[in-house]
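Here is the structure we will look at.
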Amino acid sequence: MALCFFSPPAPPIRRITCQALSVAVPSVAVEVAPLPVNPNSSLSCALNCTHFQSCSGCTQEYNLHHPVVIDEAIGFFNKLGIKDFSFDSCRLWGWRCRAKLAVRGSSTNPLIGLYEEGTHTVVDIPDCKSHHPNINAAVQLLKKGIIELNVEPYDEDQGTGDLRYVQIAVTTHDTSLPILERYKNGKVQVSLVWNSRSENSANTGKLNALANFLWGNGGPKRKVHLIHSVWANFQTSSNNIIFGNRWRHLLGERDFWEHIGGIDVSLAPSSFGQANTRAFDSLLRKLQKYVPEGASVVDLYAGAGVIGLSLAVSRKCRSVKCVEVNKESRQSFEKTVERLPTNVESNISWHHADASIEPTSWLLGSDVVVVDPPRKGLNPSLVKELRHISAVELRTSKRPEKVKDEKRPWILRAREDSIQIENTTVHEENQSLPQTLIYISCGWESFKEDCSSLLASKEWHLHKAHGFNFFPGTQSIEILAVFKRGRGASTKKKKLGKKQKRPH
Ligand SMILES: C[S@@+](CC[C@H](N)C(=O)[O-])C[C@H]1O[C@@H](n2cnc3c(N)ncnc32)[C@H](O)[C@@H]1O
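Residue numbers are given in the numbering used here: position 21 of the sequence shown equals residue 38, and the series is strictly consecutive.
Listed below in structure tokens is the structure:
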């Protein structure tokens, strides 16, 4: 998940400036930026970013391949019997393909970046080393446009100014380029968050002028084609929420495509998108191996359904149900479905619903449940149902085969707001509950809590765990954990071992 850049002042974060760690990194993904020859050298894996001391984005300057938190993770999983926990270092620099940046300062000296730690002062970060280089190129062009067109950056205290934030996303899926050149030559979708109610407000002349400036200087007619498209988002609220509800496509291609997990994925600027495209792809390819062919899958916290749809194709799933609370993701899901291979036989659906409300209704009929919650972790009601899954199973098995007239309003609403892509292949309805739980986590602290709670119920055991370096330079890691129903072989063995030691 994307880092939360715009939080209110927080307690100071521990900065790690030099750590020469000697723990071996079990697995290293190298595709575009090869890791240095000696992966344990702190200097060869250094961030080397001039903004490190002032910018709040990164907290670890050396050993980017080895976030400090990984030692804790290795110990945590080791205690739970996972001896083969792997950590994929992924790309260490230029990994961020999606950035939300604040625009402050003045029209003659615009600042585009992140807040300084614990303040509301924006730090200009034109040479950020985590950004895909074309994000920095787009920021440079945007600054030029602001200065030339006299665009006023937002003033938080007064609520005045034109441009509040910019979201810049890079697509690395230009099929007109050879594969090896696609990442480096990614084009950027620029979303300008404008301080007005709509495209009819008084200051939108400048918005159009700025969009035309970006297109004219970075569009397809230029030698270096940088800009994929320009969007506007309208936001006048004085709170911390970056985006308003109104989006307008201004210039360039409307649809933004990426290729992740073996499928073409459409991502609207309003929909959730992973910041580290390459690392997410590695995670998905690992995840696919844990889903049996032909399984029924429910993808909770699904966003635009990238995980579920990639499983529908790679694992030939019988059915895939995606559940997501943000209705903006629906459009991206529909477009992605349109580009799936024609031989996909799954029954696929996307539901605009809150996964915390009656979670059993979503779990029912699936062999595998995939959860990818925000940083705060799973909703308590879902943890509760998963902790008591045998009792839920018993309860549901006693229910009549089909509920004829569904009356529960939240279920009816979710049905209304859903998209159903039925296939000609008729699959038998399945009333079982999942035997496998795949947990993708971007919040290490909440994951530990959820994991301990699930294991304490004795309904689940941990089967495998892997870590991914989604946010090099920070203390965040992404975890892929696979749980299976029941107590698991290691618990049984331990018990057996204890019995044998007892004196007769
Ligand atoms: C970490 S993102 C994962 C999105 C998606 N799996 C992906 O990788 O593209 C978490 C998603 O959960 C959604 N979400 C948050 N709370 C939810 C809830 N109670 N029910 C359903 N979706 C929720 C958010 O809107 C967001 O799209």
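Glycine residues also receive a C-beta, built at the ideal position from the N, C-alpha and C atoms. In this text the structure is predicted, and so the values were computed from the model without any measurement.
Query                                                                                                                                          : Result
7 angstroms Cβ shell around residue 349 - same chain, five flanking residues per side excluded                                                 : 283, 284, 285, 288, 321
Cβ-heavy atom distance, residue 371 to ligand 1, below 7 angstroms                                                                             : yes
Contact set for residue 460: own chain, Cβ-Cβ below 6 angstroms, skip 5 residues either direction                                              : 392, 394
Among 341, 344, 347, 303, the one whose alpha carbon lies nearest that of residue 327                                                          : 303
Check: residue 455 C-beta below 7 angstroms from any heavy atom of ligand 1                                                                    : no
Whether residue 259 touches residue 315 by CB criterion (8 angstroms)                                                                          : no
Residue 172 versus residue 149 - alpha carbon distance                                                                                         : 28 angstroms
Separation of residue 309 from residue 70, as counted between CA atoms                                                                         : 47 angstroms
Contacts around residue 402, its chain only, beta-carbon distance under 8 angstroms, and the 5 residues preceding and following it disregarded : 376, 377, 380, 409
Span separating the alpha-carbon of residue 352 from that of residue 367                                                                       : 12 angstroms
Check whether residue 220 and residue 281 have beta carbons under 8 angstroms apart                                                            : no
Contact between the region 81-89 and the region 161-170 (3+ Cβ pairs under 8 angstroms)                                                        : no
Counterpart residues of residue 388 in DSSP-defined beta bridges                                                                               : 317, 456
Buried or exposed (CB count within 10 angstroms, at least 16 for buried), residue 174                                                          : exposed
Limits of the unbroken alpha helix (DSSP H) element including residue 355                                                                      : 346-355
Cβ neighbours of residue 266 in the same chain (closer than 6 angstroms, five flanking residues each side left out)                            : 248
Beta-carbon gap between residue 330 and residue 354 smaller than 8 angstroms                                                                   : no
Residue 273: CB within 7 angstroms of a non-hydrogen atom of ligand 1                                                                          : no
Residue 464 beta carbon near ligand 1 (any heavy atom closer than 7 angstroms)                                                                 : no
Sub-8 angstroms separation of residue 413 and residue 77 beta-carbons                                                                          : no
Distance cut-off 7 angstroms: residue 318 Cβ against heavy atoms of ligand 1                                                                   : yes
Neighbourhood of residue 64 by C-beta distance below 7 angstroms, restricted to the same chain and skipping five residues each side            : 75, 78, 81, 146, 490
Burial state of residue 95, where buried means 16 or more other Cβ atoms lie within 10 Å                                                       : exposed
Residue 107 CB to nearest heavy atom of ligand 1 below 7 angstroms                                                                             : no
Residue 396: CB within 7 angstroms of a non-hydrogen atom of ligand 1                                                                          : yes
Helix, strand or coil at residue 188 according to DSSP, with G and I counted as helix                                                          : strand
Span separating the alpha-carbon of residue 181 from that of residue 121                                                                       : 7 angstroms
Per DSSP, the bridge partner or partners of residue 249                                                                                        : 209, 265
Beta-carbon proximity check, residue 485 vs residue 317, cutoff 8 angstroms                                                                    : no
Contact check, residue 244 vs residue 207, beta carbons under 8 angstroms                                                                      : yes
Cβ pair residue 278, residue 298 closer than 8 angstroms                                                                                       : yes
Unbroken beta strand (DSSP E) run spanning residue 12, endpoints                                                                               : In this structure the chain extends from 18 to 521, so residue 12 is not present and cannot be described.
Cβ shell of residue 125 (< 7 angstroms), same chain only, five flanking positions each side left out                                           : 164
Secondary structure of residue 437, DSSP reduced to three states                                                                               : strand
8 angstroms Cβ cutoff met for residue 346 and residue 373                                                                                      : no
Exposure of residue 237, with buried meaning 16 or more beta-carbon neighbours within 10 Å                                                     : exposed
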